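Structure record follows, encoded as structure tokens.
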């Protein structure tokens with residue numbers, strides 16, 4: 539853990555690191571499993587939209603709308619699981635791709651979270667506005683790009 | 539799998555069994571992991587509210603509101619993962635507590651889902667309405683009862 543990460547807790551700014559309920563007794567293992575579960579749920583929702591965008595699955599307006607709404611609903615959930623002591627090299631013994639860089643560059647990681655949440659919210663709004671699949675497909679690309687950008691920077695290969 | 543379960547698919551009523559995207563190529567393993575992940579996320583959200591309701595954690599209005607909203611947002615997600623071929627004894631080789639009874643009594647299982655979703659939505663609405671903790675605590679009990687009722691009936695010990 540680094541000096542740039544610890545102060546977030548030390549200064550009582552843990553809200554920037556995780557929701558207030560970091561106050562709950564949480565084992566690193568539980569936080570890691572939680573965030574991995576939340577990210578899996580996001581991946582499940584994203585999957586069909588990505589497949590439709592790529593043409594690997596026929597576009598189904600209702601299914602796409604459900605996925606877009608579900609993705610937007612869960613987009614903010616995983617991040618609180620990236621608590622102090624839960625990254626790679628923190629000695630918790632759980633396999634995780636979360637690089638220590640997340641702690642070294644929390645502001646950058648948080649910016650990635652916000653970008654993803656915004657892209658997911660935009661996609662859901664576009665569905666609500668009844669936009670054409672061509673536009674939705676482009677936005678799925680933007681959401682996917684935000685996923686990849688964060689994975690490239692903060693997740694182990 | 540039983541005759542009461544198969545027809546849901548055979549008759550094209552798979553929406554009653556899972557969201558339309560059951561059309562996506564889904565391995566039983568993936569559906570099981572998805573629902574387990576979604577249920578874990580629900581458990582993570584429920585945990586602090588249960589602890590506050592029991593007095594094991596000090597009541598934190600903001601944290602409670604966040605948990606109540608998150609729980610309501612994900613309450614509908616896990617169910618599509620209970621697809622045909624993903625229950626106990628279906629030979630998928632994944633450890634799951636989902637009893638074959640879910641397939642034998644899909645209507646009953648679906649009723650449990652709806653009860654849970656309604657209780658979670660009520661809790662979120664009560665928070666929005668600024669109800670007192672004493673009332674919120676009682677509703678947490680109602681949500682927990684809906685979890686337990688379903689687990690008692692459809693989940694292996």
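Chains as they are written, first to last, in our numbering: chain A, 539 to 695; chain B, 539 to 695.
We treat Cβ as the ideally placed atom computed from N, Cα and C, and that holds for glycine.
The structure presented is a predicted model; accordingly, all values stated were derived computationally and were not measured.
Do you know offhand how far residue 581 (chain A)'s Cα is from residue 616 (chain A)'s?
Distance between the alpha carbons of residue 581 (chain A) and residue 616 (chain A) is about 12 Å.
At which residue ranges does the region 601–674 of chain B contain complete alpha helix (DSSP H) runs of 4 or more residues, listed in the order of the chain?
639–642 and 644–666
Round the Cβ separation of residue 626 (chain A) and residue 645 (chain A) to the nearest angstrom and send it over; I've been treating them as touching at under 8 Å.
Not quite, the Cβ-Cβ distance comes to about 19 Å (not below 8 Å), so this is no contact.
Determine the chain B residues that contact residue 617 (chain A) at a beta-carbon separation under 8 Å, and present them in chain order.
Contact of residue 617 (chain A) with chain B by beta-carbon distance below 8 Å is absent, the smallest such distance being about 12 Å.
Inspect the beta-carbon positions of residue 640 (chain B) and residue 597 (chain B) and report whether they are closer than 8 Å.
Note that the C-beta distance between residue 640 (chain B) and residue 597 (chain B) is not below 8 Å.
Determine the chain A residues that contact residue 693 (chain B) at a beta-carbon separation under 7 Å, and present them in chain order.
Per Cβ cutoff of 7 Å: no residues; residue 693 (chain B) is ~17 Å from chain A at best.
Could you give the C-beta distance for residue 673 (chain A) and residue 664 (chain A), rounded to a whole number, given that I count them as a contact under 8 Å?
6 Å
Against chain A: residues of the region 640–674 of chain B by CB proximity under 9 Å
Residues: none.
Give a single yes or no on whether residue 676 (chain A) has its beta carbon closer than 7 Å to a heavy atom of the ligand SAH.
Inclusion of the ligand SAH in the displayed structure is not the case, the ligand content being empty and no account of it being possible.
Going by DSSP, name the residue or residues bridged to residue 693 (chain B).
B:636
Cβ-based burial, residue 610 (chain B) [other Cβ within 10 Å; buried from 16]
buried
Roughly how many angstroms lie between the CA atoms of residue 619 (chain A) and residue 649 (chain B), to the nearest whole one?
32 Å
Looking at the unbroken alpha helix (DSSP H) that takes in residue 568 (chain B), where does it start and where does it end?
566–592
Buried/exposed call for residue 677 (chain A), threshold 16 Cβ in 10 Å
buried
Are residue 566 (chain B) and residue 628 (chain B) closer than 8 Å when you measure CB to CB?
Remark: C-beta atoms of residue 566 (chain B) and residue 628 (chain B) approach each other more closely than 8 Å.
Expected contact under 8 Å - CB spacing of residue 681 (chain A) and residue 576 (chain B) to nearest Å
About 19 Å; that fails the 8 Å criterion.
Quick check on DSSP: helix, strand or coil for residue 596 (chain B)?
coil
Please decide whether residue 597 (chain A) counts as near chain B, where near means a Cβ-Cβ distance under 8 Å.
no
Leaving out five residues on either side along the sequence, give the residues of the same chain with a beta carbon under 6 Å from the beta carbon of residue 655 (chain B).
613 and 614
Contact list for residue 571 (chain B) against chain A, beta-carbon separation under 7 Å:
578
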